Amino acid sequence: MEDFMDKNIFSIFFVLFVLMCVSCSNSGTAKGQALYESQCASCHLLPNVQDVPKNLWKDVVLPEMGARMGIPTTGYDPYKGFSFEEQYAMIQSGVYGVSPSISKEDWQLLVDYVLSNAPDSLRVGKKVDSPKNLEQFMPMAVNLDSIKGSLLTFAEYDTVKNKMITADTKGLVYEYDAIRNNVDRRFSFGSPITAFSETDYASYITSVGILDPSEKFAGSINIVQNGTGRRLPFKLHRPVHTLVHDLNEDGSDELIICEFGNLTGQLSLLQQKNDSIFERKVLLNRPGAIRTIVRDMNRDGKDDIIVMTAQGDEGISILYQSDNLVFNIEQVIRFSPISGSSWFEVLDYDGDGNQDIISVHGDNGDKTQVLKPYHGMRIHLNDGTNHFSEAFFYPFHGATRSVSRDFDQDGDIDIALISTFPDYSKRPEQSFIYLENKNSSDFNFQSYRLPENISGRWFLMDAGDVDSDGDEDIVLTCFTYSFTPLPEDLSTEWRESDVDMVILKNSLF
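The numbering used here puts the first residue of the sequence shown at 307, with every later residue one more than the last.
Structure follows, in structure tokens:
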């Protein structure tokens with residue numbers, strides 16, 4: 307009898323012990339989740355734990371996050387591999403905290419929560435129909451120089467001159483006339499050029515300074531007037547885009563500069579004063595500004611600025627001009643910090659008179675280099691009050707740019723996409739897609755791919771009637787600089803190629 311009683315008492319205590327352990331475990335899990343949600347959403351949109359595989363959370367993302375919160379991870383040094391000068395600039399940024407922002411015990415709960423919920427591998431993405439061979443466009447390869455490989459860092463179609471303007475890592479600016487198949491060299495600045503604008507009065511040349519991620523301010527803007535050039539007295543933090551526009555309609559152009567930066571960055575405005583002196587103003591103190599577009603988004607008669615940020619707090623913001631170059635900022639779309647935001651366009655997709663947004667996501671040159679099912683192109687519709695809702699997603703690994711026009715002139719918007727980081731496990735690699743719009747309201751697109759003999763690491767893209775035959779052509783440019791590992795055969799092929807640009811000539815007319 308005593309034996310039986312002892313066994314029952316032991317069983318009761320064991321059950322109570324297990325329940326206590328489960329309760330403690332659940333409590334720890336709940337606290338870990340709460341910490342993850344509060345800490346990771348304090349600077350940007352909360353990323354889904356399922357969107358990064360466990361090994362990358364463990365080896366890369368969490369150590370980087372810890373370094374920014376003042377909690378070092380054994381074996382992880384955020385300064386490793388950088389020069390002394392670069393390390394000093396990184397320290398000066400103040401991004402990597404000296405004092406821990408949470409206790410080590412809370413940090414461990416956060417880490418345990420993430421690693422227990424992260425997947426071993428990412429989910430399979432949304433399936434799309436296999437693309438057909440491109441029919442509407444005929445590819446024409448273009449060689450701009452006598453050098454093998456291509457290092458174009460800027461490409462834009464000039465509708466006034468009816469020429470493609472390109473620039474490269476050496477600071478050379480070219481004009482290409484497709485009708486005459488003629489190349490003219492315009493400028494030489496000796497540093498990678500990321501933006502070029504020309505007005506009736508001047509040419510503005512933006513140099514990124516340092517192409518790779520850097521905290522050093524080495525970028526610049528040069529102005530050429532009447533054959534004479536001068537550098538503006540501002541050190542810029544990796545400027546990747548400059549928009550020249552008279553925002554306040556006073557007869558003088560302002561310069562809106564996307565200083566992409568790295569750990570830090572900003573959106574700047576240069577206002578021209580008397581005697582051609584410019585005054586600098588920071589509009590948005592946030593890294594990753596990648597492109598700006600000007601529209602009157604609230605229809606008050608004043609030009610507003612739309613900007614995409616693609617580093618950390620990724621999203622699209624509208625800077626409403628309330629007074630003479632005074633802006634009120636509203637972030638109208640927010641993306642996950644791992645979404646790889648790369649490009650955006652503003653246009654009336656559905657023909658309702660409101661400005662919609664097309665965004666492109668696929669930058670995979672960062673710390674989590676794995677194929678992501680959420681990379682691709684998104685269409686965000688405007689309800690008329692600048693509230694945007696995602697209405698359509700087209701998955702496309704490594705998507706980096708889009709051009710959206712009515713290419714077949716049937717009254718709706720067609721979309722061309724390129725990928726700089728495609729899935730190289732598939733051959734031929736899918737790095738260009740043309741989406742012919744079949745039904746706008748249903749987002750029904752027919753997809754097309756390039757012929758197999760047309761291959762390149764596409765980096766930039768624009769569109770225009772380059773052959774003056776009445777329809778819009780598409781221009782792709784190559785970039786053989788290696789951001790990420792490439793298959794050896796493709797790397798060799800592209801390095802040895804003399805193709806700098808491919809024009810997809812529209813055969814509509």
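Glycine included, C-beta positions come from ideal geometry on N, C-alpha and C. Remember, it's a predicted structure, so these values are computed and weren't measured experimentally.
According to the neighbour-count rule (16 or more other Cβ atoms, all chains shown, within 10 Å of its Cβ), is residue i buried or exposed?
i: D610; result: buried
i: Q398; result: exposed
i: P498; result: buried
i: M807; result: buried
i: V448; result: buried
i: T380; result: exposed
i: P545; result: buried
i: T786; result: buried
i: P728; result: buried
i: M829; result: Only positions 307 to 815 of the chain appear in this structure, which leaves residue 829 out of reach.
i: Q627; result: buried
i: R711; result: buried
i: V479; result: buried
i: G594; result: buried
i: E441; result: exposed
i: G533; result: exposed
i: Q752; result: exposed
i: V794; result: Position check: residue 794 holds Glu in this sequence, whereas Val was assumed. The residue in question, E794, is exposed, as its Cβ has fewer than 16 Cβ neighbours within 10 Å.
i: M444; result: exposed
i: Q284; result: Only positions 307 to 815 of the chain appear in the structure, and residue 284 is not among them; the question remains open.
i: C327; result: Residue confidence for C327 is low, a pLDDT of 42 falling below 50, so the modelled location carries little weight and cannot support an answer.
i: K454; result: exposed
i: C330; result: The pLDDT assigned to C330 is 43, lower than 50, so where the model puts this residue is not dependable; a value taken from the coordinates is nonetheless given after this. C330 should be labelled exposed.
i: C349; result: exposed
What is the DSSP secondary structure of residue i, counted as helix, strand or coil?
i: L589; result: strand
i: P545; result: strand
i: K469; result: strand
i: L517; result: coil
i: D552; result: coil
i: N423; result: helix
i: M614; result: strand
i: V358; result: coil
i: N750; result: strand
i: E369; result: The identity of residue 369 in the sequence shown is Pro, whereas the question assumes Glu. Three-state DSSP puts P369 in a helix.
i: T512; result: strand
i: Y402; result: coil
i: E343; result: helix
i: S737; result: coil
i: S642; result: coil
i: G571; result: coil
i: S774; result: coil
i: N692; result: coil
i: C327; result: Because C327 carries a pLDDT of 42, less than 50, the predicted location of this residue cannot be relied on, and the following value inherits that uncertainty. Correct three-state label for C327: helix.
i: I499; result: strand
Run through the DSSP bridge pairs and tell me what residue i is partnered with.
i: M444; result: K811
i: W764; result: C784
i: S456; result: DSSP output for S456 lists no bridge partner at all.
i: L625; result: I611, I635
i: R601; result: D610
i: T534; result: Q531
i: H681; result: For H681, which the question treats as bridged, DSSP gives no partner whatsoever.
i: E560; result: H551
i: H667; result: S647, G682
i: R711; result: D720
i: K438; result: Y754
Whole-angstrom Cβ separation of residue i and residue j, contact assumed at under 8 Å?
i: H667; j: G657; result: H667 to G657, Cβ: 25 Å. No contact.
i: T783; j: T472; result: 7 Å
i: T335; j: Y419; result: 6 Å
i: E392; j: K522; result: 6 Å
i: P359; j: S427; result: 5 Å
i: S642; j: E620; result: 7 Å
Beta-carbon separation of residue i and residue j under 8 Å?
i: D662; j: N692; result: no
i: T706; j: S731; result: no
i: Y463; j: A769; result: yes
i: Y655; j: I635; result: no
i: N509; j: T548; result: Residue identity differs from the one stated: residue 509 is Ser in this sequence, not Asn. For S509 and T548, no; Cβs fall outside 8 Å.
i: L561; j: F633; result: no
i: V367; j: K673; result: yes
i: Q356; j: P425; result: yes
i: S456; j: V709; result: no
i: G646; j: D669; result: yes
i: G567; j: H551; result: no
Between residue i and chain C, is there a C-beta pair that is closer than 8 Å?
i: V652; result: No chain C appears in this structure, which consists of one protein chain only.
For the ligand PLP, is there a heavy atom less than 7 Å away from the beta-carbon of residue i?
i: S642; result: Although the ligand PLP was asked about, the structure shown includes no ligands whatsoever.
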